[in-house]
Structures are given as C-alpha cells and as structure tokens.
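Student:
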Amino acid sequence: MSARLGGLRVLLEVGVALLLGLALGAVLMALWGYDPWKAYQALFQGALGDRFGIANTLSRATPLILTGLTFAVGVRAGLFNIGAQGQMILGALVAVLIGGLLDLPPGLHLPVTVLGAMLAGALWSLPAAFLKLTRGVHEVISTIMLNWIAYWFTGYVVIAYLSQGRRSLQVDPTARFPLIMAGSDLSYALLLSVLLAGLVYWALWHHVAGYELRAAGLNPEAARYGGVRPNRSLVWAFLLGGLAAGGAGAVEVLGRLPFAITNDLSNLGTLGFDGIAVALVGRNHPLGILLSAVFFGALAAGRTMMGYRAGVPFDMIQIVQGVIILAIAAPEMWRIARLRPRRARTPAAAGPAGTGTEGTEGGEGGERERERRQA
Amino acid sequence: MRSWRVLTLGVLTLAGLLGVWGLDAGQTAVGQAQGAICLYFDQTGPGDLSFNDMALLGAQRASEAFGLELRTATAAGEASYLPDLQTFARSGECLVIIGVGFLLFDALPEAARQFPDQKFAFIDGPSFDLPNLLGVLFREQEAGAPVGVVAALVALANGDSLIGAVAGAEIPPVWRYEAGYRFGAHWAVDWYNRHVGEGASIEVRVPYTGRFDDPALGKTTAEALIREGARNLLGIAGGTHLGMFDAVEEAARAEGREIGPPFAYGADAAQEYVKPGFILASGRKRVDVGAFEAVRRALSGEFGGDILLGLKEEGTGFSTVQDVKTFIDLAVQAGYPLDGTPAEVLHKVIQARISVPAYVWVALDEFQSALKAGEITLPEADTPEQIAEVRERYP
Amino acid sequence: MKPLIETRGLTKVYPDGTVALRDVSLRVHPGEVHGLLGENGAGKTTLTKILSGLLPPTSGEIRWRGEPVRFRSPREALRRGIGMVHQHFALVGPFTGLENIALGAEGGGALGPLRASTVRGRLERIMDESGLRAPLDVPVETLPVGVQQRVEILKMLYRDVELLILDEPTAVLTPQEAEELFETLRGLKAQGRTVIFITHKLKEVMEITDRITVLRGGRVVASLETREATPEKLSTLMVGREVVSEARRPRKATEPGEPVLTVRDLCVRGESGLRAVDGLSFEVRAGEVFAVAGVQGNGQTELVQALTGLRPFQGDVQVLGRSLKGLLPGEIGALGVAHIPEDRRKMGLILPFTVAENSVLGLQRFPRFRGALGRLRWRRIYGHARTLIEAFSIQAPGVRAPAAALSGGNQQKLVVGRELSKSPRLVIAAHPTRGLDVAATQYIRDLLARLRDEDVAVLLVSADLDEVFQLADRIGVMYEGRFTGIAPADALDRETVGLLMGGLPLEEALRARARARGSGEGSP
C-alpha cells in the first residue's frame, strides 16, 4: 500500500513530519535554555557540512540499511520480524571468527568473511520461522528470545575464547573493508549495503518469489488462492532478512574500529532495533530505506557536533533526535497498525455459513469507500 | 516506481542545500576559537558524580587557570569514536583532545596516528609510544587498597566475613582497583588477627556488571551481594555503582539506621555526600589532576609518553574529610540536590566515620605510611593473567 | 395481545446505497417463538442487528412494550432485556462457563469484585428453572459446540433477557444437538420468555415456531401462524413468484461432451470440524453448466474449496482424468481449472496490489509471465492487464492503480477476466454476480453462457435462483452437505427448488409441487 503512495505525497508527508519534529525539538531546547538554531546548525554541519561529514553520515547509514531491510522484508511478508538484532550479533561473531582466525588470501578473505556472516544471520532466522510454522509461535516472541540467546552466547564466546583486553581479537587487515575515503571511516561496506538494498528491491518487485511474498503479506487467503504457498514465502522473508542482518554484523566488524567485538558487545549497539525505525521511516521500501538510513546516519553523525559546537548536553540531544524520529515514523506506524487484518465487527459477519454476509456486504463496502476517499 | 526517483532527487537536492549551508557555518566557526581544551567522553558521559565529572572538573580548572576555551562532547556510541576524534582534529580548534575513558582504547591511537600534529591525551589509557599522545594512568591499586583495609576491618568489627564490590567492565583500571581492594582486605585481616582478635578471615566478592552506565543493574547486583552477607561494598563501576549506593541506603534504613552498616565506599571522587552516613569513604582517583596535568603538559613543551599518578603524586588515595568538603562545595555549585545543608551533610559523613571502631583508622594510617614508605608492594593487574593470579591469592 | 417488540416502517440503507430493509413492520408477541424466515440477502440479519442494537435503522421505529426505543449499542438493548446469540459465539475459550457468564455482567459494581459464589448461586437457580444445564467449571473451548451454545444462552438468561434472538442457531449443531436446543426453547417459552428464531430451514421453522415472518428482498412478504403454514407455502413465499426478469439463456444445440470434472463420495470437513460436505457425487461435462443451488452455509463453500485445493477432502475428485488429491491451488489452476471465488475482496483480489499485479494472481508462475531465474516479465504483465481491461471493458484508472480503486463490478470483471485468461477447461464460479449491479451481472452471466458454448465445463455455485435458472443445464440442490436432488434444469421449477433447498427430498418435493399445483388450479 505504502509503495504506491505517490512520491510527492511521501515527500510531502515526510517533509511535514520532519518540520514538525524539528520544531518540537527546537521548542524543547529553547525551553531548557539552549539555542536551537545553533544546535541544528551544528547538527547539519556535522552530518553534511563537508565531505568528511557526508562520509561519516554514509558510514553510519551503512549497517542501518541492512537491518532496515530485515524488518521491511518481514513487514512485506506480513511479519513483525524483530530478530535483526540477534542475527546481526551472530553475523558479527562469525565475521570475527572467520576474519580473525582464518588465514585466507587477501582477495578471498573479505568476501568469505562477509558471506559467512550473512549465512550466520540467515541461519539464526530459521528457528523463528520453524517455530511459527510448526507451533504457531508469534515471531515477536521467538525473535526476542533468539536475540537474547545470540547476545549472551556471543558475549560468552568473546570473553571466554576471543578476549583481548576489553574486546575480542581483531580481524585481519585482509578481511577488512577498504576505505572509500581516507581520514574517514567510510568503507566499501557501503557498496554491500546498497547492493543488497537493490537486490531486495529486485527480489520483491521483479521476482516471482517476491511477488508471492508480498501477496502473502497483504492477503494470505488470496495468496493461497493464487497458488502461493504462504509458508514458503514466510521462510523466504525470514531468510532474506537474516542475510541482511548478518551482513550488518559483518559491516560493523569489518568496516570500522575496533574491528572486533567489545566484551560487552557495545560496539554493535542496537543496530538491529534501529533498523525497525529506519524501515518505518523508509516506508518499508528498499529505496526508501536507503534514504531513511542516510537520514538516521546524518542524525548520528551530527549528534556529537550538537554537543561540541552548541553545548547541548547529550541527554537533550537524544531527546530532540528521538522527537524528530518519532514524528517521521508516526505516519507509517499508523498505517501498519491499520493494515493488520481487522476482525469482523460481529461474529456472524465472519461466518462461513453466512446469512451474516447479507448485512455486512453493504456495510463493509461503505467502509472501504470511506477509506478510498481518504487515500 | 517513478515516484521514488522523484523522491530521491528531492532528498538529494535538500541534502545538497543543507550541505552548503553547513559549510558556511563551519567556516565562520573556525575563526572564533583557537586552542580550546577539547574533552571527549565515551558514551557514559558526565553526570556520574565520579570519573567523568572529575575529568570535567580538572578540565574546567585548567580552562580557568590558563584562560582556554573548554569544549565537551559525548560519544553517541562506539562507532562514532573515530569519526568524532577525526572531526575535532580536523577542525584545528583543539590545543589538546582529551579522551576520557578506557573504551577509547582503539580509536585514540588511531586518530593520533592520523593527525600527528594534533596533541591527544588519554585518561586511563597508555600512550602507545606515540609522540603526540599522552597516556594518563593511575595506580588504582593505591586507591583500592586503603578502602579494602577499612572495609574489611569494619566488616570484622560487625561480625561479617564477606565484603564485596560492584565492578564495571573487565578492563585494567578496574582490575587494578580490585587488586588493591583484595590486597588491602587481606592485609587488614592479618592486622586484625595480630591486634584485635584471632582466627578472623574475610572473603572478597567482586561481580562485574560489564557496564559503567546502568544504575539499575548496579542496584540489583548490590542487593544480591547484601543478601549474601556482604555489608561493605566498594563501587568501581562509574554510573552503575550509583545504584549500589541506593541499595546500601535502603538496606540500612530497612534496619532502622540513619548511619550504616551496611556501608558503601565510593570511587574516584569523594562520593560520601551522595548518601551521607551510608557511604563511609571513597578511594580517590584524581582524574581531575590527570586532566589538568594533560593540559599543563600540552601548553609546556614536554608532551607524550605516559604519566603514572599514584599516592605520591596525590593522584590516588583515600578520601579525607577535606576532600569530602571540596566535593560538597562542587555538588552545591553543580546544583546537585544534597540531603540537607552542606554542614549537615558533612556532619553526617563525620558521624559515620566516628561510628566505626577507632582502631580502623589506626590501621589505615599504618597501612598508608607503609605504602608511602615503599614497605608494601601492591600487586599488578594489567593483564587477565595478573588479575586472575590476584584473585587466587587474595580470595 | 400487545406485542412485546414491534417495528414500524423500519428501513435500512447502507452507506454504499444498498437497501437492506424496506418498510419492515414486525410484531412479536410475548411468550412466542417467532420464526424469521428468508433467503440469503432477504434482510434477516440486518433486521436482528437493528433489534439488538448493533446497527441503527435509517428510518422507522422500534417499540418495546409499546414504547418507542432507540438502542445505541447492544449493551443498551441488553439492559432493556433483548439478547442475541450469534452464530459464532462470543465466548472466551480458555475461560470457564462461569467466568464467561460473569464476564461483563452487571451487578458486581465498578469497585466490588464479582463474587463467584453469588454468580454460581444465581446460575444454579436459572438452570433449575429453565432446565438448561451446562458445566460451569470447565474451559468452554473444551466443550462441544452445542454445549457452548447453551453457555451462550445461559449468559443471556443470567442477564434477565425477555427476548432472545437466535441467529441460525442450528447451523453449527448436529441433529441431536438441534433437538436438545428445541427442548430448551420450549422450556424457555414455558417460562414466558420470547424467542426470535432465524433460519432458512423449513422443517425447523415448522417444528418449533408459533408464528412466522417471511422476508424477501428486504420486505416482509408474510406473517402468519405456524399452524396455518405448510412447507410449500413457505417456500413459495421465500423464493417468490416474481416473473423471471430475464429469459433463460439459449441453450447450445449440441449435447454436452465428455466429463471434465468427476466427483465421487466427496467428504469435506468445515471450519468447525463437522462434515460440511457429506458424500457428494456428480460430474460436470464439457459444454455444460452444472449449478449447485442451495441456501448458503449448506456446504457449498467447502465444496468449492475442496475442488480448488484450498481445503483437504476425502473421496475421489478428477479433472480430465487427473486426481486432485493433495494438489495445491496453483497446481490445480495449471490443470486448466479457473476459479471465480465467492468473495472477490477477500480472495479474488489483493486490494492494495495494482490492477496489473492482480491480473496475474495465480498466473505468476506461468512461463508467459516468468522469465529466467524467476524474473517477472513486467512488460508482458502490463500488456496482459491492458488486454484484460480492453477485452472485459473494465473501468480502471490504469494498470498501476490499486484494485481497491475499482468499483465492485469492475473488480469482479478483473477476477473473471483473469481466470478466463487461463484458457480453462473447467470454470468454478461461486456466487459470481453477488453484490453486482444489473449491467455487470448481465455481463458476467453472458460470459459464462458463452464459455459453455465454447465447450468449457462450468460449475456454478449460486444462491440466486434467477441465476441458476438462467444458466444451468442441470441443477443440484445442496442441503446440509448433500444433494437433496439433482435433475435437469428443465425438469424443475423455482418452487420445487425452493422445497429442495429447505431440505425436502426430490421425490417428496415433486409430489408436494404436484399437489399444490392441483389445489391451486382447483380453487378458483
């Protein structure tokens, strides 16, 4: 549904939301005695002020693109897959293992490491798919638990077997992404993210499996009628998402300092969860996610400068940025909430043995009519 | 999908416009400030009433003393360490960039390598033999050990045989604190058996929370320790152990006490004022001295290498009543809500010190004199192997 | 006698313009079991929804004990003493009967907790008085459907309803359970309570009711004492005697060809686990329209689902000699079976998808539209969509517009067009013109007739007797999962089919018709 909103409409919606968010943030800062103009100036300068700022922005966007894709593919298939965090963590672990322990020739080491990490992510998405298909376990529950398992398992492996001081051993230079721009940490990992976004776009809109995945996500009953096997689409969505999330882990470990995983996994942060917001703002469309990730990257890149140049304390920066993100994500969040299959209003209306349909036929028609007019 | 092309174009245009605007802003900013003190915190940031706040304090003092502008920034996350440091270095506005926190272990030397003309200082970390990087290190053992002596003796006086600490992440500075604490505790047991009683023993339990910014975790960790019978707890976890203070206060109040036991012990700053009556003392790690020293050296010619601050340099030690007074004043300045008037707080801190047997202070004096005189050598704990050995020797 | 509840000139127009009720006046007297009889779409459900406060009427009034009332919600109606038991129960599965009954009941007060012992005491009394018994301490989901229904009724009795409305209560019950329900209703009547009983089953209405109101096309066509009624009379009232608006489509000259669809001893379980299709056998031959008539809910849906791979079945089903056992919908489609589903919005189309995307739903894996590596051949898909728009004169803003933007008739044309583009040998059309305007209806019926002429086998499932008689070569009437009769269309008339739909076996129905015709001719 969202993909079909006109581009100008989306632009307008995002623009208005962004302005609202900025305004709200400005009011907050002004209320607490900080200069909003100066703060936003610093934010933009840090994020886009020069080529280093832009490089920083893009570099921060790189993993977000991937975890954003994970969530978006899930939504397209009718899933609320929040397992990117755990899959990303395991991807990072495998990246450290292959990148740090395996001795491979320079040209081969990086691709093998990336591939291994992506496969690890995909593998870790399978338990959730399996539990959903066989036991009907909702993916929100299973992925949350799998996230924790991945977190503690990786923390254990890092501390018990790989620890060097406060982090694991570093990956070999041969397994690291080369820099695009010296003096920044923008690496060719960006290329991987963009390629994967393109691949996901192609898969969803130019491949029959993607067509079926979207069909199953929007209307499983109609999809089944149309020869789609919704279960299969679901597994595809999990796998594709897992590949992307695993890639995010690789990007983070192979693309920048400390080229390792810290003992508390803090350098992996919450990339997986951040992807949810990125996907929401990007309207769950791969191209939208590219833009949205850049937006988030810009916020992250400009964050430090808000403190450094405008003297805004860190907590206030986080509040302001949170307000901006919320404002932009809100419309899509609302749409997703409405897309969830609605229950028929009366039990009789849902009946297969349905004299019930006689009344609701007209009633629902009216409702749809209203929706259409709104849209 | 034509709509997306339109959208992409729009956003890129917007980005370009903003970029130009930002560029202008940057250029005007450059002219204004020359040679600022740039203080860069890892993501824990100031507000911990301890390590980070003290670095800020030292930098503020230096800023006043030398008439330099002070700039601070807090990292948004690990991924921003290097780009941030690069940005600061590239701006050319910083006399010295002081990285606060051991977590900058990889990013600081990398930035120093990339910008050889920029002076960097690393609070809590080494210089990596880089000429433009000053390592500011502390002998945390010398802060932890006296606290260990006092904690153990207070515990023995109350009939406990367990003391504890809530630790942050497994990094050398925390290890050194722990090592000193364990050593001091066992030294105290010997002293006690010689002078007060017989056959006493102490066990030291030091759980690591892995975090420096999670008071809730610090509180639950401390509560667990208290349940196990550890009623003297040292906090060596930055912001995390603020929660430990709450846990100790609650436990004491639950027993109807306005003054411990149980007692907490602070670290780095003289933290007694945070919970007067329940925090008996603090191990002092004068991060402020370190930050000040880094600026001083950046101004003078002698830069680079490591400076090691210990008892002798007044870089580490045991909090004195005077220290407490200083920090009460600072807290008042910072607007931190005190539990009573400054005088009342100080009175309560002193009351707490009087409430423990006097021989505790006799033993502490004896220990510190011996330490200064070099009669006692504290164990090293810079590597996992060393701390493992310490834990084995001083359980 | 003063009626307990009465409606005057009740009219309901839905927002999309559908007129569900026209000037309905209904009188239900205290202490009677009142049957509400009618075909699908007659307005029964709309009427009961208005009575129970679920829907507001467009105009007209409701009088409760002679006093005009207006219900803004079911809760308000309940407070007056009107309770409705829906076909699908409003029970919380893991809760016990007691908990379900207490849930939302008034009397606990906003602050005071409802005490289980109080509820139980009152319930025991109610059960003793009514003779209606249900276990109170077992999770209701573990109970058989019939017992769950009793819990629902007890729930209403606990709320002191005077008027109990039951919507098709026997639809989900076994015959034994239905008998028990009738016992219960008689007991309630003896207590002086009033019941409105909605059904389309002639036998039931004759057995249990005191008075009957027959609805057709949103109007009350008759209201009569049950003892004055006969099944024939009711069936006539129900299906109407209107002049058939359109003549039967001209039949093809040649005889039907070989069987395309052969069904032997088909059994299908429905959603509730009961046998919805119970041992059907029939065949559909090339160049023939075989119509399955019947009141909806007698297994037609499940029959279609089984034939199209959407529901597992027992028995033998073959299309052109190939067994459909275990085949998926896509595989059955590839055999040359087109399926026009009964609900285009829920099944036939993916409304947020574009017209182009919808134009290949089910055809997406055909080599025509799928290139190397599973790539979609968009150029051809768009071409295909444009061809459909052209060929079936679909009014659409464009091939990139979402299907939701099309009107109902154009949506259905899109579905039909797509299905026919499969060049099928067998077309399964379920209620293909339901809810469509006259022009679209006409168009689609013409199309089905043309297919038949082109030697395609057509299985038409419809509750619309006009449609059935216009198109069918042979008619099978389904009642409770079986055929009450299969006969050539020429051998049947509407009234006979009406009797068959009400559950009378073919022989009996024909006899009754002959009798009726005789007496009808003799009387004037």
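Protein chains in written order, with our numbering: chain A, 216 to 590; chain B, 1270 to 1664; chain C, 10 to 533.
For every residue, glycine included, the Cβ atom is placed at its ideal position computed from N, Cα and C.
Give every residue of the same chain whose Cβ lies closer than 6 Å to the Cβ of L1325/B, excluding the five residues on either side of it in the sequence, and list them in chain order.
Tutor: P1315
Student: Against chain B, with Cβ distances strictly below 7 Å, would Y249/A count as a contact?
Tutor: With 7 Å as the cut-off, Y249/A does not count as an interface residue toward chain B.
Student: Could you tell me whether the Cβ of L472/A comes closer than 7 Å to any Cβ of chain B?
Tutor: yes
Student: Rounded to whole angstroms, what's the CA-CA distance from A335/A to Q302/A? Just pull it up for me.
Tutor: 7 Å
Student: When you check each C-beta in the segment 1465-1492 of chain B against every C-beta of chain A, which residues fall closer than 7 Å?
Tutor: If the cut-off is 7 Å between Cβ atoms, the segment 1465-1492 of chain B has G1479 and R1480 near chain A.
Student: Could you check if D318/A is buried or exposed, using at least 16 other CB atoms within 10 Å of its CB as the buried criterion?
Tutor: exposed
Student: Going by DSSP, what residue range makes up the alpha helix (DSSP H) through W451/A?
Tutor: P445 to G470
Student: Considering only C-alpha positions, which residue in the set R88/C, G113/C, R89/C and V293/C is nearest to L100/C?
Tutor: The option with the nearest alpha carbon to L100/C is G113/C.
Student: How many whole angstroms separate the CB atoms of A1448/B and G1586/B, which I take to be in contact at a CB cut-off of 8 Å?
Tutor: With 8 Å as the limit, A1448/B and G1586/B do not qualify as a contact, their Cβ atoms being about 16 Å apart.
Student: For the segment 1351-1380 of chain B, enumerate the residues whose C-beta is nearer than 8 Å to any C-beta of chain A, in chain order.
Tutor: L1351, P1352, D1353, Q1355, T1356, F1357, R1359, F1371, L1372, F1374, D1375, A1376 and E1379
Student: Nearest chain A C-beta to A1539/B closer than 7 Å, yes or no?
Tutor: no
Student: Would you identify the three-state DSSP class for L152/C, choosing helix, strand or coil?
Tutor: coil
Student: Name, please, each residue of chain B whose Cβ falls closer than 9 Å to the Cβ of Y366/A.
Tutor: Chain B residues near Y366/A: none, gap ~11 Å exceeds 9 Å.
Student: Report yes if the CB atom of I341/C is closer than 7 Å to the CB atom of P441/C, and no otherwise.
Tutor: no
Student: Exposed or buried, which one is P1606/B when buried takes at least 16 other CB atoms within 10 Å?
Tutor: exposed
Student: Please compile the residues from chain B whose C-beta is within a distance smaller than 7 Å of the C-beta of V408/A.
Tutor: The residue you asked about is not Val; residue 408/A is Ser in the sequence shown. Correct list: empty, because the minimum Cβ distance to chain B is about 14 Å.
Student: Mind listing the chain B neighbours of S481/A? Cutoff is C-beta to C-beta under 8 Å, in chain order.
Tutor: Q1312, G1346, E1347 and L1372
Student: With 7 Å set as the bound, which would you pick, yes or no: does the beta-carbon of I1576/B sit closer than that to a beta-carbon of chain A?
Tutor: no
Student: With contact counted as at least three CB pairs below 8 Å, one residue from each stretch, are the segment 415-430 of chain C and the segment 356-364 of chain C in contact?
Tutor: yes
Student: Any beta carbon from chain B within less than 7 Å of F286/A's own beta carbon?
Tutor: no
Student: Quick one: Cα of L480/C to Cα of V486/C, how far?
Tutor: Roughly 15 Å between the two C-alpha positions.
Student: Using the Cα positions of V78/C and L35/C, report the straight-line distance between them to the nearest angstrom.
Tutor: 15 Å
Student: With DSSP as the reference, label N1501/B as helix, strand or coil.
Tutor: strand
Student: So, G512/C versus Y488/C, is the Cβ gap smaller than 7 Å?
Tutor: yes
Student: Indicate whether at least one CB of chain D lies closer than 7 Å to the CB of P361/C.
Tutor: Annotation note: the requested chain D is absent from the structure, which comprises protein chains A, B and C.
Student: Taking G1394/B and D1311/B to be in contact with their CB atoms under 8 Å, please state how far apart those CB atoms are, rounded to whole angstroms.
Tutor: That pair is no contact at about 11 Å.
Student: Which stretch, first to last residue, makes up the alpha helix (DSSP H) that contains A315/C?
Tutor: Q309 to L316
Student: Within the segment 326-397 of chain A, note down every full alpha helix (DSSP H) run reaching 4 residues or more, in order along the chain.
Tutor: Taking only runs of at least 4 residues, the alpha helix (DSSP H) segments lying wholly in the segment 326-397 of chain A are 354-372.
Student: Could you have a look at Y1534/B and say whether DSSP puts it in helix, strand or coil?
Tutor: strand
Student: Three-state secondary structure (DSSP) at Q1243/B?
Tutor: This structure does not reach residue 1243/B, given that chain B is present from 1270 up to 1664, and the question cannot be answered.
Student: What in chain A is Cβ-close to R1340/B, meaning under 9 Å?
Tutor: G522, Y523, R524 and G526
Student: Which runs of the alpha helix (DSSP H) fall wholly inside the segment 321-403 of chain C and span at least 4 residues, in chain order?
Tutor: 338-343, 364-367 and 387-400
Student: Say whether the segment 253-261 of chain A touches the segment 517-534 of chain A, bearing in mind that this needs 3 or more beta-carbon pairs closer than 8 Å, one atom from each stretch.
Tutor: Touching, per the Cβ criterion.
Student: Look up P1415/B in the DSSP assignment and say whether it is helix, strand or coil.
Tutor: helix
Student: For H1464/B, count the other beta carbons within 10 Å of its own beta carbon; 16 or more makes it buried, fewer makes it exposed. Which is it?
Tutor: exposed
Student: Among A1550/B, D1429/B and P1441/B, which residue has its Cα nearest to the Cα of A1499/B?
Tutor: D1429/B
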